[in-house]
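First up is the structure itself, then whatever we jot down about it.
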Amino acid sequence: MNFSELGLCQELSQAVADLGYTEPTPIQEKSIPYVLMGRDILGSAQTGTGKTASFTLPMIEILASGRAKARLPRSLILAPTRELAAQVADSFEKFSTYHKLSMALLIGGVSFADQNAALSKGVDVLIATPGRLLDHFERGKVLLTDVKVLVIDEADRMLDMGFIPDVERIVGLLPPLRQTLFFSATLSNDIKKLSDKFVSNPKVIEVAPPASTADTVAQHLVWTSPKRKREALRGLLRSEEVKNAVIFCNRKRDISTLVTSLKQHDLSAVALHGDMTQSARLDALQKFKDGEVPLMIASDVAARGLDIAGLSHVFNFDVPGNAEDYVHRIGRTGRAGKSGRAFTIAASEDDKKYVGAIEKLIGKPIPLVGDAKSEAPQDASEAKPASRSKKKKAGSRKTEAGSPDTGSPETGRPKTGRPESRKTGSGRKDASSNEAGKSDSGKSDSGRNDDNRSRGGRSRRKQENAPSELPAPPECKGDTLQDTGHVPAFLLRS
Ligand code: AMP
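Under the working numbering, think of the first position of the sequence shown as 132, with each following residue one higher.
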């Protein structure tokens, strides 16, 4: 099956081919023909299944003929979070390369003036979070009476976040005669009942059973003690082939502590949580997506929907208290058929209960890697002299378990640690090295450990990103993308 067989035009087939898509994913195969027919859709699909293209591609086809009038968008995509909305906008930009369609993204934290300017020119596709869209509506800047296609994305998340009243109000402003595409990660009874308010005689499409984990993610559980969780994490980061990883914490306040701690151990990380300003969140996400910083420490704000191409690892620094969050968290990796690895660090009596609930939900045990107390390579700053001798043993055991600690010089190099040049130091100081400078002297030992393991990859890694070239961490100042100078191309498009 190829994209043109689904009824998509040559330009769209070319656009997806340019992106390297060779064949449609199951959700695309099942929904695109029905969307093109004009049917309503009630779709259940996990994130990472190609859901965005399943509605964006046929929408582009439908909107290709016709013109937008000022302040009267022709279609509307509602997403629960700013990040998700921005991600859908990114996908739309990519898929519409060969079409002359206009788009506006209405999300909080971005100046009203820019969004207004886009609306006044007329847009074919309006992508919005409910709150910001209603702000524009109340200011008289947008009318929804010309919307022919409505997408409600991540409806279960909208429900969790209390956005349904806003969504209902928005839908009340739309013409009743329209096409509605309603997507949710799960089709619970609540969601089905809710969908009845929005869709009419929908084609129901389900591509994955709710709360199943993708086979492409290798899951692991690491038991340690509460005090040694950071050490266990660092051990994993150094023994795994971490290209880029999201590390989830349950509490926002632990995120900055972990970022600082990792920096003190020469591991660059950005934070992402709901208390950061919008510009700081987008900035952090951009740096992470661009590969400038290999680690992102996040709260569950990043667990759902976020698409980070080729994410190699997910680490649960804390076992999530809600079993479904586990499925969403680890679903950030192993996407679009690529493989990924997920490690969950458990340490307390409560964690035992949480792990039990997760295993029940996913219907299988999470394989235990071993006791991180003895297995994780230890940093000198925390390791007691007696435990250092265990390190080699631990490394070789991990290798047996599939974590190439000592072998595979060409691939086994974590890009996360850059201790060697921090030690030899160019003398230039950036914000990250200032942070690193605060760390205790014990750090030098951990640097040596890393050096010993990573010599083979040193010159290549240096070429990729020397530590002194690392950008400063994102500033949490400024309320708009313009203030911070991070204006995505699509916002500037005329
Ligand atoms: P989504 O579930 O929409 O967030 O998509 C997850 C990832 O799959 C994104 O990185 C898409 O670019 C990618 N993707 C979507 N459709 C395809 C496809 N047909 N072939 C390969 N990758 C795809």
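Glycine residues also receive a C-beta, built at the ideal position from the N, C-alpha and C atoms.
- Distance from the CA of Ser144 to the CA of Trp354, rounded to the nearest whole angstrom, comes to 48 Å.
- Using a 10 angstroms sphere on the CB of Glu136, the tally of other CB atoms stays under 16, which defines it as exposed.
- Residues of the same chain with a CB within less than 6 Å of the CB of Ala349, apart from the 5 flanking positions on each side, are Arg472 in chain order.
- For Asp438, same chain residues with a beta-carbon under 6 Å away, outside a window of 5 residues either side, are Gln218 in chain order.
- Contact between the stretch 410–427 and the stretch 368–378 is present: 3 or more CB-CB pairs across the two stretches fall below 8 Å.
- CA-to-CA, the gap between Val330 and Met289 works out to about 16 Å.
- Thr178 places its beta carbon 8 Å or farther from that of Phe223.
- With a cutoff of 8 Å on beta-carbon distance, Leu352 and Val458 are scored as not near each other.
- Within the same chain, Gly138, Leu139, Cys140, Leu143, Leu167 come within 8 Å of Glu192 by CB-CB distance, once the 5 residues on both sides are set aside.
- Under the 10 Å beta carbon count, Arg300 is surrounded by fewer than 16 other beta carbons and is classified as exposed.
- Taking every protein chain shown into account, the CB of Lys323 has fewer than 16 other CB atoms within 10 angstroms, so this residue is exposed.
- Counting only unbroken stretches of 4 or more residues, the alpha helix (DSSP H) elements lying wholly within the stretch 432–487 are 454–461, in sequence order.
- Taking the C-beta atoms as reference points, Pro261 is found no nearer than 8 Å to Phe226.
- Around the beta carbon of Pro357, fewer than 16 other beta carbons lie within 10 angstroms, which makes this residue exposed.
- Burial state of Lys495 is exposed, judged by a 10 Å Cβ sphere holding fewer than 16 other Cβ atoms.
- Of the residues Glu214, Lys360, Leu274, the one whose Cα lies closest to the Cα of Ile238 is Glu214.
- Taking the Cβ atoms as the reference, Thr180 lies roughly 5 Å from Ile158, within the contact range of under 8 Å.
- Annotation: the continuous beta strand (DSSP E) that includes Ile258 extends over 256–259.
- Between Arg309 and Leu281 a beta carbon distance of about 6 Å is seen, short of the 8 Å cut, so the two are scored as contacting.
- In this structure Pro333 does not touch Ile163 by the C-beta definition: roughly 15 Å separates them, more than the 8 Å allowed.
- Beyond the five residues adjoining it in sequence on each side, Ile497 comes within less than 8 Å, by CB distance, of Gln350, His351, Leu352, Thr475, Val486, Ile489, Glu490 in the same chain, given in chain order.
- By the criterion of a C-beta distance shorter than 7 Å, Ser387 is surrounded in its chain by Ala402, once the five residues flanking it on both sides are discounted.
- Taking 8 Å as the cut-off, the beta carbon of Lys182 is found no closer than this to the beta carbon of Ile336.
- Residue range 172–175 is occupied by the beta strand (DSSP E) that includes Gly174.
- Annotation for Leu250: Arg202, Ala235, Lys272, Val273 place their beta carbon closer than 6 Å to its own, counting only its chain and skipping 5 residues before and after.
- Relative to Val338, the option among Ser185, Val147, Gly151 whose CA is nearest is Ser185.
- Residue side-chain check: Gln159 places its Cβ nearer than 7 Å to a non-hydrogen atom of the ligand AMP.
- Straight-line spacing of the CA atoms in Gly405 and Asp456 works out to 16 Å.
- Taking C-beta atoms as the reference points, Pro204 and Val302 fail to come closer than 8 Å.
- Of the candidates Tyr229, Ser479, Thr156, Leu232, the residue whose Cα lies closest to the Cα of Arg359 is Ser479.
- Nearest neighbour of Ala286 by Cα position, chosen from Leu232, Asp397, Asn320, turns out to be Asn320.
- Within the model, the alpha-carbon separation for Asp481 versus Ala454 is close to 13 Å.
- Distance from the CA atom of Thr212 to the CA atom of Lys418, rounded to whole angstroms, is 19 Å.
- Here the distance from the Cβ of Glu192 to the nearest heavy atom of the ligand AMP is not below 7 Å.
- Of Asp327, Met132, His267, the smallest CA-CA separation from Glu154 is found for Met132.
- Lys323: member of the alpha helix (DSSP H) spanning 320–326, first to last residue.
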